[in-house]
Structures are given as structure tokens and as C-alpha cells.
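For the sequence shown, the residue numbers in the numbering used here are 68 to 584.
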Amino acid sequence: MWALRAAVRPGARLSRVARGCGAPKAAPPLPPCPKRTVAAFRGGAGGPEGREGGRWGPGANGWRSRAGEEEPEDAEEEEEEEELLRRDPLLPAGTQRVFLIHPEVKWGPRKPQGTRAEWQVAEAQALVRTLDGWSVVDTAVVPTKTPDRRLIFGKGTLEHLTEKIRGSREVSAVFLNVERMATPTKKELEATWGVQVFDRFTVVLHIFRCNARTKEARLQVALAELPLLRSHLKSDAGRLDGRGGGSRYIMGSGESSLQVQQRLLKDKELRIRRALERLRGKRLLLGRQRRRREFPVISVVGYTNCGKTTLIKALTGDAAVQPRDQLFATLDVTAHAGSLPSRMAVIYMDTIGFLSQLPHSLIESFSATLEDVAHSDLIVHVRDVSHPETELQKDSVLSALRGLRLPAVLLDHVLEVHNKVDLVPGYKPMGPHAVAVSALLGLGLEELKARLEDAVLTATGRRVLTLRVRLAGAQLSWLHKEATVQAVDVMPEAGAADVKVIISHSAYGRFRKLFPE
68 MWALRAAVRP GARLSRVARG CGAPKAAPPL PPCPKRTVAA FRGGAGGPEG
118 REGGRWGPGA NGWRSRAGEE EPEDAEEEEE EEELLRRDPL LPAGTQRVFL
168 IHPEVKWGPR KPQGTRAEWQ VAEAQALVRT LDGWSVVDTA VVPTKTPDRR
218 LIFGKGTLEH LTEKIRGSRE VSAVFLNVER MATPTKKELE ATWGVQVFDR
268 FTVVLHIFRC NARTKEARLQ VALAELPLLR SHLKSDAGRL DGRGGGSRYI
318 MGSGESSLQV QQRLLKDKEL RIRRALERLR GKRLLLGRQR RRREFPVISV
368 VGYTNCGKTT LIKALTGDAA VQPRDQLFAT LDVTAHAGSL PSRMAVIYMD
418 TIGFLSQLPH SLIESFSATL EDVAHSDLIV HVRDVSHPET ELQKDSVLSA
468 LRGLRLPAVL LDHVLEVHNK VDLVPGYKPM GPHAVAVSAL LGLGLEELKA
518 RLEDAVLTAT GRRVLTLRVR LAGAQLSWLH KEATVQAVDV MPEAGAADVK
568 VIISHSAYGR FRKLFPE
């Protein structure tokens with residue numbers, strides 16, 4: 068399971084606003100998306116200029132990857148992909164004043180373990196605040212024995228909630244903090260309460276829509292929406308059946324309206340998967356180019372809003388990286404160049420934040436994006452240690468990484484970065500594989516860089532050596548081409564130089580074969 072937790076600080080208050088009387092206002096259609104950052108695939112200072120032309124090259128801060136730029140495509144493929152991305156709005160537009168209801172299961176197998184209702188309410192509030200123009204005007208934690216029943220609540224509880232919602236002028240929508248509502252449940256609650264009702268899946272899916280910048284991420288969101296469309300289709304067909312209209316055939320085709328719509332959705336799914344496979348092929352090609360250049364890759368993973376992007380900005384010094392204090396701000400895997408203390412160039416991969424308690428379709432649609440993690444040399448797991456549920460978040464991330472079937476060597480050597488320690492006075496990390504930092508304030512970064520260098524050297528089979536080479540001949544130029552040269556101490560009287568290099572085992576073997584001692 069992946070987790071969906073907001074960055075909640077201990078002692079956070081839940082907002083409550085005085086309610087008035089009167090009927091709720093109707094909600095208008097399509098909201099603006101949250102503000103987006105510029106797509107990044109840019110590097111920090113200290114990297115090498117690219118070779119082999121085109122894809123890699125020097126940038127303002129040293130060098131940058133242009134992997135995020137869309138390549139020219141076949142016009143027919145382009146048109147097909149754009150058609151697949153034309154969708155109806157998921158949420159209403161404009162200012163929305165939300166009544167947040169959290170059904171709390173206090174006993175039984177459905178009771179969540181290791182968390183508290185107030186934290187779950189706080190994370191739901193953070194989700195609502197992510198949407199432009201949306202705010203929470205009231206919250207309610209409502210006990211329920213049977214969260215999977217048709218209307219979730221008992222008769223008395225439902226009547227009390229109905230009176231409260233219909234009696235408030237402020238409420239224009241209800242956010243029911245459950246993973247997913249069945250379509251009949253949604254429609255009955257909307258008819259009862261007189262306002263639109265949304266579950267967490269719909270809200271998160273809309274946020275994903277807004278934050279997806281590349282075509283691949285947008286297609287992945289479109290793929291995740293298909294189960295929602297199918298559930299609406301079945302509900303509509305059931306309503307037509309009740310009126311005797313569900314079994315009518317269309318123009319002698321032998322197919323009912325429901326069958327036609329199901330066939331169209333299946334066709335759309337196949338076309339989306341085909342388009343994603345084309346884009347995946349391009350991403351794998353880029354990965355092979357990176358590996359050919361032997362740039363070590365460090366994948367930065369963590370719970371949503373744990374500070375991954377802020378940490379990458381601090382490590383690379385790339386001013387183009389603009390972190391946001393917002394859930395799911397990163398959906399597209401982006402590559403950022405940096406260098407370690409030895410001046411070894413590395414690539415930091417910023418990944419989508421991990422989630423939990425969301426339907427499988429949403430998780431599955433983004434699993435392909437995380438394939439990049441499997442090809443990295445090191446995984447850095449960023450944790451927000453100021454969060455009250457930091458241990459639960461850790462378990463969710465590790466569970467998700469295991470679900471990706473990563474190589475055992477990667478999982479066994481994950482480096483934990485305990486971020487936001489400035490919010491936890493006196494914090495000391497436990498265990499040898501953890502470093503405490505504040506990415507925002509720059510605390511602990513030098514120790515982290517040293518630990519990263521040691522881990523990368525071990526993972527990639529590189530070592531730091533001082534080699535004595537002759538000034539006359541091809542040795543020095545060969546080392547400049549095949550290794551990272553840190554320093555050259557020339558000894559003219561001996562006609563030689565001591566060269567400090569970072570070199571792989573294979574390159575060192577080739578060096579000794581070509582230039583025996």
C-alpha cells in the first residue's frame with residue numbers, strides 16, 4: 068500500500084467557521100488547476116559537457132539534460148494522443164466551501180492501525196487547500212460501524228448530517244474522506260444533502276491532472292480515470308434498465324448502448340497503453356544514453372511533500388528547481404545534474420511522491436514512471452521527521468519500493484535522509500544508514516554529500532586513486548577521457564605527473580592493459 072498523508076505539524080488546529088441558515092449554493096463547473104512549476108530536467112553546477120551531440124550539453128549552471136523536452140512525433144500519433152487527453156472536468160470550478168466529513172471506524176478489521184482521526188482530517192484539509200479557490204468551512208469526525216454500507220452512516224447520523232449541511236449557507240460541497248464512493252452512494256448522498264459530494268480518489272485524481280506536465284504523466288492520469296468512467300457507465304446503465312431502456316440495441320448493430328460504451332472505453336484503454344509504450348521506449352533510450360556515459364544516478368524517493376525537490380535544489384544549486392509546499396507537486400520524473408565533493412558528476416532523479424490508501428488503478432498507472440528507480444545506482448529515501456506519522460510514511464514507501472521488484476542490492480543499501488530536523492530540536496537519527504538534514508536551511512548537507520559519495524563509489528565500483536603517469540605520451544589524455552580527473556601535480560624534473568582520479572574498476576583495468584607499469 069502507498070500512503071497519502073499531508074505534512075501535518077503536531078498541535079495543528081482544525082478550522083471551524085460559524086454556520087448560518089439557508090440553502091446551499093449550487094456549484095459551478097471546472098476549477099482552475101493549482102499553479103504549476105516549470106518542468107525541470109536541468110542540471111546543477113559542476114557537471115561535464117555532454118558528448119555524442121544533441122541530448123546533453125552545457126547549460127547556464129554547468130550542464131543540463133533536455134530529456135523533458137518533447138521530441139517531434141508522427142503527426143498521426145500526436146493527434147491520437149491529444150484526442151485521448153480530452154476529458155470532462157472531475158470537479159466543479161470557482162470558489163468552493165467544503166464541509167469535510169471523516170467517517171471514523173473505531174473497531175473491527177476496517178479500523179486503520181497506527182493513525183488517529185485528527186491526522187487523517189488534517190491530511191484531507193491539506194488536499195482541499197491544494198485546489199485553487201477551495202477551502203474547508205467545517206469538519207466532522209463521525210463514527211461508523213459499517214463504512215462499506217450503501218450510505219455509510221446509520222439513519223440517525225445521516226439525518227443529523229443532512230440537517231447540518233442543508234442548514235448552512237456556507238457549504239457548497241462535501242468532501243467525504245473515504246478512498247472511493249460507489250456511484251449509487253454518491254448520487255444518493257448528493258440528492259439527500261443537496262450539494263455535490265466528492266471522495267478522496269476524485270480529488271487526488273484532479274490534483275494529478277493539474278500537476279501532470281509531460282505527455283506521459285497526463286496519459287497515465289487518463290489511464291487511472293478509466294475505472295471511474297466504467298463505474299459511472301454501469302450506474303447509468305442500471306438506471307436506464309430500471310426504466311426499461313438499458314437493453315435497447317443501436318441501429319440493428321446487435322449491441323446495447325452499454326455494450327457500445329464499454330467497447331469504446333476498452334478501445335480507449337488500449338490506445339492509451341499503446342501511446343504510453345511509445346513514450347516508455349523513448350525514456351528507456353534516454354536511460355541507456357545516461358548509462359553509456361557512466362554518470363551515476365541517484366533516485367530520490369519519499370512520501371509526498373517530504374521535501375525531495377527542496378533537497379535536490381540544495382544539493383545541485385539549480386535555481387530553476389522550484390519546490391512547492393503542496394501535495395503531489397512532482398508527478399513527472401525529472402533529472403538534475405550535480406557533483407559530489409570529489410567533483411564526480413551525478414544525476415539526481417526526482418520522483419513522484421509515494422501514496423497509500425488509494426485504489427489500485429491510480430497506483431498501477433504510475434508504476435511505469437518509477438521504472439527509472441530500478442536503473443539507478445543508489446536510492447535516497449527522504450523522510451519528514453517532523454511529521455507525526457513519519458514511521459507510517461516510512462513503511463508505506465518501503466512497501467511500495469518492494470512492490471517495484473527492485474534489485475536486492477538497491478533495497479539493501481537505501482540511504483535515509485531525515486529532513487526538516489530544524490522543526491525537531493535536538494533530533495538525532497537512529498541507525499548507521501541515516502543522515503539528519505534541513506534541506507531548507509542547508510543543515511547537514513556536507514555530511515550528506517560525503518555519505519552520498521561513499522555510497523556511489525561503492526555501488527558503481529569506482530575508486531579514488533593517485534596514478535603516476537608520463538607527461539610524454541597518451542596516458543594523461545586517456546585519463547581525462549575515461550575517468551574523472553581531480554588534480555594533476557606535475558613533476559617536470561621527472562617528466563611525470565601524479566594524477567588523482569576517480570576511475571571504475573573496468574576503466575582501471577583497461578588503463579593498465581594499455582599502459583603497463
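The C-beta atom is built at its ideal place from N, Cα and C for all residues, glycine as well.
Query                                                                                                                                                                  : Result
Apart from the five residues just before and just after Phe265, which ones in its own chain have a Cβ nearer than 6 Å to its Cβ?                                       : Phe242
For Gly528, collect the residues of the same chain with a Cβ closer than 7 Å to its Cβ; drop the 5 residues on either side in sequence, then sort them by chain order. : Ser571, His572
Is it buried or exposed for Phe578, if we count other Cβ within 10 angstroms and need 16 for buried?                                                                   : buried
Which residues in the same chain have their Cβ closer than 8 Å to the Cβ of Val34, if we skip the five residues on either side of it in sequence?                      : Because the chain here runs from 68 to 584, residue 34 falls outside it and cannot be looked at.
How do the region 209-229 and the region 252-260 stand: do at least 3 beta-carbon pairs fall below 8 Å, yes or no?                                                     : yes
Between the region 518-536 and the region 558-568, do at least 3 Cβ pairs fall closer than 8 Å?                                                                        : yes
What residue ranges within the region 491-535 form continuous beta strand (DSSP E) runs of no fewer than 3 residues, ordered along the chain?                          : 501-503
Tell me, please, whether the region 479-487 touches the region 495-509 by the rule of three or more beta-carbon pairs shorter than 8 Å.                                : yes
Under 7 Å, do Leu546 and Val523 count as touching if we go by C-beta distance?                                                                                         : no
Where DSSP assigns a beta bridge to Thr206, which residues make up the other side?                                                                                     : Leu167
Could you tell me whether the Cβ atoms of Pro363 and Lys516 are closer together than 7 Å?                                                                              : no
Looking only at DSSP bridge pairs, what is Met411 linked to?                                                                                                           : None; Met411 has no bridge partner.
Can you look up Ile219 in the DSSP assignment and give me helix, strand or coil?                                                                                       : coil
Which term fits Ser443, buried or exposed, when burial requires 16 or more other beta carbons within 10 angstroms of its beta carbon?                                  : buried
Is Gly562 helix, strand or coil by DSSP?                                                                                                                               : coil
Assign Pro583 to one of two classes, buried (16 or more other C-beta atoms within 10 Å of its C-beta) or exposed (fewer than that).                                    : exposed
Please state if the CB of Met416 and the CB of Ser366 are separated by a distance shorter than 7 Å.                                                                    : yes
Report the rounded CA-to-CA distance for Val452 versus Thr211, giving the unit in angstroms.                                                                           : 32 Å
Taking 6 Å as the line, does the beta carbon of Leu228 fall inside it for any heavy atom of the ligand FAD?                                                            : In the structure shown, the ligand FAD is absent, as is every other ligand, since no ligand is present at all.
Would Gln192 pass as a contact of Val204 if the rule is Cβ separation under 7 Å?                                                                                       : no
Can you tell me which of Ala207, Val245, Thr259, Ser239 puts its alpha carbon nearest to the alpha carbon of Glu226?                                                   : Thr259
Let's see if you can read the secondary structure: which residues bound the alpha helix (DSSP H) around Leu478?                                                        : 475-479
In three-state DSSP terms, what is Arg183?                                                                                                                             : coil
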